[in-house]
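Trainee:
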Amino acid sequence: MENMKDLILYSQDEGIAKITLNRPESLNALNLELLLSLSETLDKVKVDQNVRAVIITGAGEKIFSVGADIKLLHSLTPLEVRDLAKLAVEITHKIESLGKVVVAAINGTALGGGLEIAEACMLRIAASHAQLGHPEVRIGAVAGFGGTTRLPRLIGKGRAAELLLTGNSINAEQAYNMGLVNKVVEPGKLLIEAENMIRGILSQSPIAVKLTWEALHHGLNLTLEESAQLDANYFGLVASTEDFKIGTKSFIDKTTPVYSKITNKEHVIQVAAQLFLKNGNTSMDEVMKISKVSKSNIYYHFKNKEDLQLAVVKYWTSLYETCLIEALKQDYRPVRERLSDFTELLLGGVIERNGVGNCPFISLYIKSSEQSSEVKDAITLFFREIEPIVIKIFKQGKDNNEFNKTVHPKQMALLFLSTLEGSLILGVMMKDPLLIKQTIDNFFLLLD
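Here it is as structure tokens:
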């Protein structure tokens, strides 16, 4: 098995990250290890606030990537081939929805899965000697990494059918003429041109760039009327931002606009977390006012209030973990108090609000049954993530003779977690936050 660390080369300079597919001895063919490493790298880039754009290229001067490793495919079972393709599809989706400008610098031959990675990028620049194609049919396969979906959207159904059904390759100039690549340059200028294109985009309003790409990307999957409506909604959204005022005023004044810089995402989350804790709810306008961050910046990081709420849930999870890890260094009593404090945080003080309490967790749970499974998944994941930490806490309590020696710490911890999660769900179902607090308080009485 190859070292995953060496299969993807990563560097960053002035907000532009470069991801290099690095299996030159195998023509940068895509095997499982390379795909996993690429997936992990994309995950890190997505949350790195210092990265505003990405260039994806291949190691060497002649090969971008020849696609899936054929020797590997030949050795896999049909189910394993499908799993490999699913992983690749997830990766191309990550590229497409990274929330940052992504440019493929096609430094040479790009075939099959390699070309499919490039097709998922916002833009593509090719070296003049590059060859591009989908030869999958020539080995009795299909373009299973997203090519049959993205290629016709880029160049039209007829031309896509010709490339996919014949397996023929085209040169860089032909790819440019049919719209598959945006620019063709001499090999030595490839990365320079990619950076120049990126910097031109980054000089525009960040929120306008982000929403333009989202409207373009998502609009292709909608009807003409729905897509136009999405455009109108995004137009209205950017009109509420400071960047819109800056841009329109600069046009009138015939000056060069200077758009707002991207503010640290964590600052916005912390402000939102405190507002949720205080009021049980908040608005993007409140976050903007308290954090002193422009609306452009807030909408750059978060699509809507629900998106911000999920970020707050993750923030509290991290905060709670830190709190409990610190508590492990102390005796049982402070640990119990820490847990009790958390239940108060969880319930938002058990203040009645609209009949369901003001707890953001409760509100999210209710919304999850009506709107988004992602919210419920986030809460469930929260309980799974804190399980090992809670087990440590109860083990600490047992070591300090605070628990009955016959009770295993893990059993006690799982009982606590199931009680907490169960009472939360039951309290939500009955719309009675007091039931949640009573259940948890009774549980602590058992510990005493």
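So for the sequence shown, our numbering puts the first residue at 39; every next one is plus one. Yeah, the Cβ is synthetic: ideal placement off N, Cα and C, and Gly gets one too.
Quick check on ALA158: does DSSP put it in helix, strand or coil?
Mentor: coil
Trainee: Grouping DSSP H, G and I as helix and E and B as strand, with all else coil, what is ALA270?
Mentor: helix
Trainee: If you measure between the beta carbons of ALA179 and PHE102, is that distance less than 9 Å?
Mentor: No, they are not a contact pair.
Trainee: Can we say the segment 156-167 touches the segment 137-146, given the rule of at least three CB pairs closer than 8 Å?
Mentor: yes
Trainee: Once the 5 residues before and after ALA349 are set aside, which same chain residues still bring their CB inside 6 Å of it?
Mentor: ILE307
Trainee: What is the rounded straight-line gap between the Cα of ALA266 and the Cα of GLY257?
Mentor: 8 Å
Trainee: Taking the CB atoms as reference points, tell me whether GLY285 and SER332 lie closer together than 9 Å.
Mentor: No, these two residues do not count as a Cβ contact at 9 Å.
Trainee: Return the residue from the list ASN234, PRO62, GLY152 and GLU128 that minimises the CA-CA distance to ALA91.
Mentor: ASN234
Trainee: Per DSSP, what are the beta-bridge partners of THR95 in this structure?
Mentor: THR58
Trainee: Taking all protein chains shown into account, do 16 or more other C-beta atoms lie within 10 angstroms of the C-beta of GLU263, making it buried, or fewer, making it exposed?
Mentor: exposed
Trainee: Counting beta carbon pairs with one atom in the segment 103-119 and one in the segment 63-78, are three or more of them shorter than 8 Å?
Mentor: yes
Trainee: Starting from the Cα of GLY98, find the closest Cα among GLY146, LEU68 and LEU117 and give me that residue.
Mentor: GLY146
Trainee: Between LYS56, GLY238, GLY96 and GLU71, which lies nearest to VAL89 when the distance is taken from Cα to Cα?
Mentor: LYS56
Trainee: List the endpoints of the continuous alpha helix (DSSP H) containing SER113.
Mentor: 108-113
Trainee: What residue does the alpha helix (DSSP H) around THR279 start on, and which one ends it?
Mentor: First-last for THR279: undefined, no H or E at that position.
Trainee: Mind checking who LEU47 pairs with in its DSSP beta bridge?
Mentor: THR58
Trainee: Quick one: grab the DSSP three-state call for GLN312.
Mentor: helix
Trainee: Count Cβ pairs between the segment 116-136 and the segment 193-207 that sit closer than 8 Å; are there 3 or more?
Mentor: no
Trainee: Per DSSP, LEU170 forms a beta bridge with which residues?
Mentor: ALA148 and ILE208
Trainee: Can you tell me the Cβ-Cβ gap for VAL276 and LEU249, rounded? I've got them flagged as a contact below 8 Å.
Mentor: 6 Å
Trainee: Please classify HIS255 as buried or exposed, where buried requires at least 16 other C-beta atoms within 10 Å of its C-beta.
Mentor: exposed
Trainee: Thinking C-beta only, is VAL104 closer than 9 Å to GLY182?
Mentor: no
Trainee: So, are the CB atoms of LYS84 and ALA164 less than 9 Å apart?
Mentor: no
Trainee: Would GLY150 and GLY96 be called neighbours here (beta carbons separated by less than 9 Å)?
Mentor: no
Trainee: Locate the beta strand (DSSP E) running through ILE101, then write down its first and last residues.
Mentor: Counting along the chain, the beta strand (DSSP E) containing ILE101 begins and ends at 101-103.
Trainee: Per DSSP, what kind of secondary structure is LEU68 in: helix, strand or coil?
Mentor: Three-state result, LEU68: strand.
Trainee: Measuring alpha carbon to alpha carbon, tell me which residue in THR204, PRO116 and GLY194 is nearest GLY217.
Mentor: GLY194
Trainee: If you drop the 5 nearest sequence neighbours on each side, which residues of the same chain put their C-beta closer than 8 Å to that of ARG188?
Mentor: Contacts found: THR130, GLU154, GLU157 and ALA158.
Trainee: What is the DSSP secondary structure of LYS138, reduced to helix, strand or coil?
Mentor: coil
Trainee: Using the three-state DSSP reduction, which class does ALA181 fall into: helix, strand or coil?
Mentor: coil
Trainee: Using DSSP bridges, identify the partner residues of ILE163.
Mentor: ALA143 and LYS221
Trainee: Could you have a look at TYR297 and say whether DSSP puts it in helix, strand or coil?
Mentor: coil
Trainee: Using the rule of at least 16 other Cβ atoms within 10 Å of the residue's Cβ for burial, across every protein chain shown, is PRO116 buried or exposed?
Mentor: Exposure of PRO116 is indicated by the presence of fewer than 16 other C-beta atoms within 10 angstroms of its C-beta.
Trainee: What is the DSSP secondary structure of SER243, reduced to helix, strand or coil?
Mentor: coil
Trainee: Write down the C-beta distance between ASN69 and ASP44 rounded to the nearest angstrom, noting that I regard them as a contact closer than 8 Å.
Mentor: The pair is not a contact, with the Cβ atoms about 13 Å apart (cut-off 8 Å).
Trainee: Please classify TYR370: is it buried, with 16 or more other beta-carbons within 10 angstroms of its beta-carbon, or exposed?
Mentor: For TYR370, the predicted model reports a pLDDT of 42, less than 50, meaning its position is unreliable; a value from the coordinates is still stated below. So TYR370 ends up on the buried side.
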